[in-house]
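K.L.:
What follows is a single structure, and I will ask about it in a moment.
In the numbering used here, the protein residues as written are 33 to 514.
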């Protein structure tokens, strides 16, 4: 139901300008006469929306399993390739690769630091060609069994906890200490790696190691990659920022006295942005929350967001010829009533995006434009997320539907049936990247373990108390045609 009223305290007698880009349907000319500003408010409806997967291209890998009494069980595992620099070489006169370890380095985690989990590493059996065309590779519901043999013996396993109690405090307190899970890959891996390195060819009179000339050759011929996943235990999720393959090499060299001596060195290879890495996320218990009518939910990663339905037809009928100066709406966060000792974080930023455009937004690495996509940060003082300048979005939709409405009722209804989500938005938790001046240059799905309950849902949508329902506030002016 629309509530129309004049702006109080004299605002209606002056020209109101909330947005430096006020928008309207028609052009108009303003003389020195003041144009009275008016205000409306409209009820919007919200519901929880299940995200079975999200576009999760990220430089961070996630590993572990955790069960929350309200949000169910969540687990994460990942596929990763190792980069080979161009014309990679190892020391001459190698005696052996004594050890190869996969190091998973992290600076943060969620959950119980002492929870015991077991990680398993399997070699990939299929080359993943990441040329940017297959967007499905980066969705959080990708299927690892497409790329490794689940029936084969694992390459390695390791028991770990987020807080490694085997590390003495003297080392842990050093500035250079970087928490990690180090997994030995075994002698057979080392032997096979060296055999493939020792294969050489002669090109233009020069001996080369063809399998190590670049990443593509390395991945195709030496190491297709790893599938890293937990097989037992739960209680924590590691946020892994760096992944290294460390090779401990024993090789012969000359001393100052020209005598042969066997020395050891560690050669690092790493996963970088030039090669493939993608995390899979699995959630259970989300469907029950979607059906909760008392509120709406946000849950990351790849869990729940909030769907918003706008009363566009009602707004269009009332304001199709007006100038929309300002439109805003706030979404209130409910207090977390759970008594779990490990509380999830609160999503720091929400993206408001048209439901039909969300897939394209993330797949094409777009940044919010304050026209059809908007950002709001969580305000702990008001306990809410507030969106403003939505007059640009509403005017954009008005322009989109005007032609269809003017065709007549039948055509208009047909168009709505063909565009089911035309008046729907999603509130999606995201993280942002900024440049040195603080400008936002990247927006990605929030992949950390966060959650929130928002005021809304079916019970509130159907409430007879209008004052309790979510309102979108509008400031507008009637153009004066000369």
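Every residue gets a Cβ at the ideal spot worked out from N, C-alpha and C, and that includes glycine.
Closest to residue 109 by CA distance: which of 283, 325, 309, 329 is it?
P.N.:
Translated into positions along the chain shown, residue 109 becomes position 77. If we check each option's Cα against that of residue 109, 309 comes out closest.
K.L.:
Quick check on residue 210: does DSSP put it in helix, strand or coil?
P.N.:
In the chain shown, the residue the question calls residue 210 occupies position 178. Three-state DSSP puts residue 210 in coil, outside helix and strand.
K.L.:
Determine the direct distance from the alpha carbon of residue 265 to that of residue 360, and round the result to whole angstroms.
P.N.:
Within the chain shown, the letter at position 328 stands for residue 360. Within the chain shown, the letter at position 233 stands for residue 265. About 46 Å.
K.L.:
Could you spell out where the beta strand (DSSP E) holding residue 465 opens and where it closes?
P.N.:
Looking up residue 465 in the chain shown gives position 433. Residue 465 -> beta strand (DSSP E) spans 456-466.
K.L.:
Can you tell me where the beta strand (DSSP E) with residue 260 in it begins and where it stops?
P.N.:
Position 228 of the chain shown, counting from 1, holds the residue named residue 260. Counting along the chain, the beta strand (DSSP E) containing residue 260 begins and ends at 258-265.
K.L.:
Find out if the Cβ-Cβ distance for the pair residue 270, residue 385 is shorter than 8 Å.
P.N.:
For the purposes of this step, residue 270 is identified with residue 238 of the chain shown, where counting begins at 1. For the purposes of this step, residue 385 is identified with residue 353 of the chain shown, where counting begins at 1. Going by C-beta atoms, residue 270 is not nearer than 8 Å to residue 385.
K.L.:
If I follow the unbroken alpha helix (DSSP H) through residue 226, where does it start and stop?
P.N.:
Taking the first residue of the chain shown as position 1, residue 226 is located at position 194. Its alpha helix (DSSP H) spans residues 219-230.
K.L.:
If you drop the 5 nearest sequence neighbours on each side, which residues of the same chain put their C-beta closer than 7 Å to that of residue 351?
P.N.:
Sequence index remark: in the chain shown, residue 351 carries index 319 (1-based). Around residue 351: 508.
K.L.:
Write down the C-beta distance between residue 149 and residue 262 rounded to the nearest angstrom, noting that I regard them as a contact closer than 8 Å.
P.N.:
Here residue 149 is taken as the residue at index 117 of the chain shown, counted from 1. Here residue 262 is taken as the residue at index 230 of the chain shown, counted from 1. Contact flag correct, Cβ pair sits at about 5 Å.
K.L.:
For the region 117-134 and the region 204-217, state whether three or more C-beta atom pairs, one from each stretch, are separated by less than 8 Å.
P.N.:
At 8 Å Cβ cutoff, the stretches touch.
K.L.:
Taking only the alpha-carbon atoms, compute the straight-line gap between residue 510 and residue 354 and give it to the nearest angstrom.
P.N.:
Mapped onto the chain shown, residue 510 falls at position 478. Mapped onto the chain shown, residue 354 falls at position 322. Distance between the alpha carbons of residue 510 and residue 354 is about 5 Å.
K.L.:
From which residue to which residue does the alpha helix (DSSP H) around residue 322 run?
P.N.:
Sequence index remark: in the chain shown, residue 322 carries index 290 (1-based). Looking at the DSSP string, the run of the alpha helix (DSSP H) that includes residue 322 is 318-322.
K.L.:
Could you give the first and the last residue of the continuous alpha helix (DSSP H) run that contains residue 110?
P.N.:
Numbered from 1 along the chain shown, position 78 holds the residue referred to as residue 110. Note, residue 110: premise wrong, no alpha helix (DSSP H); beta strand (DSSP E) at 104-112.
K.L.:
Drop a sphere of 10 angstroms on the beta-carbon of residue 231, count the other beta-carbons inside from all chains shown, and report buried for 16 or more, exposed for fewer.
P.N.:
The count along the chain shown starts at 1 and reaches residue 231 at position 199. It counts as exposed.
K.L.:
Given this structure, state the Cα-to-Cα distance separating residue 382 from residue 405, to the nearest angstrom.
P.N.:
Position 350 of the chain shown holds residue 382. Position 373 of the chain shown holds residue 405. Answer to the nearest angstrom: the Cα atoms are 10 Å apart.
K.L.:
When the Cα atoms are used, what is the spatial distance from residue 160 to residue 203?
P.N.:
The residue given as residue 160 occupies position 128 in the chain shown. The residue given as residue 203 occupies position 171 in the chain shown. The straight-line gap from Cα to Cα measures roughly 38 Å.
K.L.:
Rounded to whole angstroms, what's the CA-CA distance from residue 495 to residue 370? Just pull it up for me.
P.N.:
Translated into the one-based positions of the chain shown, residue 495 becomes position 463. Translated into the one-based positions of the chain shown, residue 370 becomes position 338. Looking at the two C-alpha atoms, the distance is approximately 25 Å.
K.L.:
In the structure shown, what three-state DSSP assignment does residue 180 receive?
P.N.:
Within the chain shown, the letter at position 148 stands for residue 180. Coil.
K.L.:
Any idea if residue 275 is buried or exposed, counting beta-carbon neighbours within 10 angstroms, 16 or more meaning buried?
P.N.:
The residue labelled residue 275 in the question sits at position 243 within the chain shown. Buried, since its Cβ has 16 or more Cβ neighbours within 10 Å.
K.L.:
Below 7 Å CB to CB, which residues in the same chain sit around residue 341 once its five sequence neighbours on both sides are set aside?
P.N.:
In the chain shown, counting from the first residue as 1, residue 341 sits at position 309. Excluding residues within five positions, the ones whose Cβ falls inside 7 Å are 76, 77, 455, 456.
K.L.:
So within the region 313-399, which uninterrupted beta strand (DSSP E) runs reach at least 3 residues, ignoring any that extend past its ends?
P.N.:
The region 313-399 contains these whole beta strand (DSSP E) runs: 328-332, 336-341, 355-364, 381-386.
K.L.:
So, are the CB atoms of residue 376 and residue 116 less than 8 Å apart?
P.N.:
Sequence index remark: in the chain shown, residue 376 carries index 344 (1-based). Sequence index remark: in the chain shown, residue 116 carries index 84 (1-based). Not closer than 8 Å, so no.
K.L.:
Measure the Cβ-Cβ separation of residue 479 and residue 94 and say whether it is below 8 Å.
P.N.:
Working through the chain shown from its first residue, we reach residue 479 at position 447. Working through the chain shown from its first residue, we reach residue 94 at position 62. The answer is yes: Cβ separation under 8 Å.
K.L.:
Reducing DSSP to helix, strand and coil, say where residue 499 ends up.
P.N.:
In the chain shown, counting from the first residue as 1, residue 499 sits at position 467. Three-state result, residue 499: helix.
K.L.:
Could you give the residue range of the alpha helix (DSSP H) that holds residue 191?
P.N.:
As a working mapping, residue 191 is identified with position 159 in the chain shown. Here residue 191 belongs to no alpha helix (DSSP H); instead the beta strand (DSSP E) covers 188-192.
K.L.:
Would you kindly check if the distance between the Cβ of residue 248 and the Cβ of residue 240 is under 8 Å?
P.N.:
Counting from 1 along the chain shown, the entry for residue 240 is found at position 208. Counting from 1 along the chain shown, the entry for residue 248 is found at position 216. Contact flag unset, no.
K.L.:
Whole angstroms are fine: how far does the CA of residue 118 sit from the CA of residue 297?
P.N.:
Counting from one through the chain shown, the residue named residue 297 turns up at place 265. Counting from one through the chain shown, the residue named residue 118 turns up at place 86. Going from the Cα of residue 297 to the Cα of residue 118 covers about 20 Å.
K.L.:
Could you tell me the boundaries of the beta strand (DSSP E) in which residue 150 lies?
P.N.:
Along the chain shown, read from residue 1 onward, the residue named residue 150 stands at position 118. Its beta strand (DSSP E) spans residues 149-155.
K.L.:
Which residue or residues does DSSP assign as beta-bridge partners of residue 81?
P.N.:
Working through the chain shown from its first residue, we reach residue 81 at position 49. Answer is 337, bridged to residue 81.
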